[in-house]
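Asks:
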Amino acid sequence: MVVSNVWLNLEWVDVNLRWNTSEFGGIQDLRIPPHKIWKPDVLMYNSADEKIDSTFPTNVVVRNNGSCTYIPPGIFKSTCKIDITWFPFDDQKCEMKFGSWTYDGFQLDLRLANEEGGDLSTYITNGEWILIGLPGVRNEIFYACCPEPYIDITFTIHIRRRTLYYGFNLIIPCVLISSMTLLGFTLPPDSGEKLTLGVTILLSLTVFLLQLAETMPPTSDAVSIIGVTILLSLSVFQMLVTETLPPSSDAVSIIGAPSNQTPLRNHPSF
131 MVVSNVWLNL EWVDVNLRWN TSEFGGIQDL RIPPHKIWKP DVLMYNSADE
181 KIDSTFPTNV VVRNNGSCTY IPPGIFKSTC KIDITWFPFD DQKCEMKFGS
231 WTYDGFQLDL RLANEEGGDL STYITNGEWI LIGLPGVRNE IFYACCPEPY
281 IDITFTIHIR RRTLYYGFNL IIPCVLISSM TLLGFTLPPD SGEKLTLGVT
331 ILLSLTVFLL QLAETMPPTS DAVSIIGVTI LLSLSVFQML VTETLPPSSD
381 AVSIIGAPSN QTPLRNHPSF
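Under the numbering used here, residues 131 to 400 are what the sequence shown spells out, in order.
Below, the structure written as structure tokens:
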């Protein structure tokens, strides 16, 4: 789910709201509440919010030539399929699909105000994501039930994850801890220090694996490469620790132990 703070910019012409400025004291525009005039019922189709309409009802600016401008701000929650294969070096593309809820394409035709997509002039940078672009496209869809088209405007949010935080707190520590395995080959095979080093590395990678699981979004559509790498490292270190353990000698000591017990003598029967 993606949460976006967006200003919708809706413009249309209403011929019933035209007037001559000379007849009304030179008034060129009015501010009218949206529930008192007609406005297009444009909603976001892929909304993940409890309220389908997440916009705040601001006034509609109506000019003397009949042109109307409605710019409601809103916080939109849209569904998005996340691909975590290349986490944290991943790009994500999420869609925001807007369209009329009751009008078809013959009754209400939607057009892009800017062919390049959304307006990013007031965009505020995010500490976790980099916004690559916000292209928009007009879709005209026909269904088998109806001859009229249905229009929607789809904006694609193209974002890229910032890797500085994950590099310093996850990737570099994992690489440094994994490189410490080279020190294990310099230690004697039967030494306790080699076993201690292997167990320490094993526990450290387990902690980083838990941190990675808490950071990534919970999805089963893909498996991250960094998670697979940590799991393979854990498997290798587990085998090294298992081979370092000394063999069990309990059975040999029991079988070969000298018997200090005095054998029972046969007592005469009475």
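Note that the Cβ used here is the ideal one computed from N, Cα and C, for glycine as well.
Give the straight-line distance between the Cα atoms of Pro187 and Pro163, rounded to the nearest whole angstrom.
Replies: 8 Å
Asks: Who are the Cβ neighbours of Ile355 in its own chain at under 7 Å, not counting the five residues just before and after it?
Replies: The residues are Thr215 and Trp216.
Asks: Under DSSP, the alpha helix (DSSP H) around Leu264 begins and ends at which residues?
Replies: Per DSSP, Leu264 belongs to no alpha helix (DSSP H) and is neither H nor E.
Asks: Kindly list the residues whose CB is nearer than 8 Å to the CB of Val190, restricted to its own chain and excluding five residues on each side of it in sequence; keep chain order.
Replies: Cβ neighbours of Val190 beyond the five flanking positions: Arg161, Ile162, Pro163, Pro164, Ile167, Lys169, Cys198, Thr199 and Tyr200.
Asks: Under 7 Å between the Cβ atoms of Asn299 and Thr284?
Replies: no
Asks: In whole angstroms, what separates the C-alpha of Asp380 from that of Ala352?
Replies: Reliability of the predicted coordinates at Asp380 is poor, the pLDDT of 49 falling under 50, and the value obtained from them is presented with this limitation in mind. Those two C-alpha atoms are separated by around 47 Å.
Asks: Using CA atoms only, rank isn't needed, just tell me which of Asp213, Trp149, Ile157 and Asn194 is closest to Met131.
Replies: Asp213
Asks: With three or more C-beta pairs closer than 8 Å as the rule, is the segment 240-248 touching the segment 259-277?
Replies: yes
Asks: Quick check for students: name the residue ranges of the beta strand (DSSP E) that lie wholly in the segment 161-247, counting only runs of 3 or more.
Replies: 172-174, 190-193, 197-200, 203-208 and 221-230
Asks: What does DSSP give as the partner residues of Thr284 in its beta bridges?
Replies: Per DSSP, the beta bridge partners of Thr284 are Lys227 and Val267.
Asks: Of the residues Ser309, Asn194, Phe338 and Val371, which one's Cα is nearest the Cα of Val145?
Replies: Asn194
Asks: Can you give me the C-alpha to C-alpha distance between Asp221 and Glu180, rounded to a whole angstrom?
Replies: 28 Å
Asks: Give me the DSSP bridge partner(s) of Asp159.
Replies: Arg193
Asks: Nearest CA to the CA of Arg291: which residue from Gly257, Tyr280, Thr311 and Phe367?
Replies: Gly257
Asks: For Leu138, does the three-state DSSP call read helix, strand or coil?
Replies: coil
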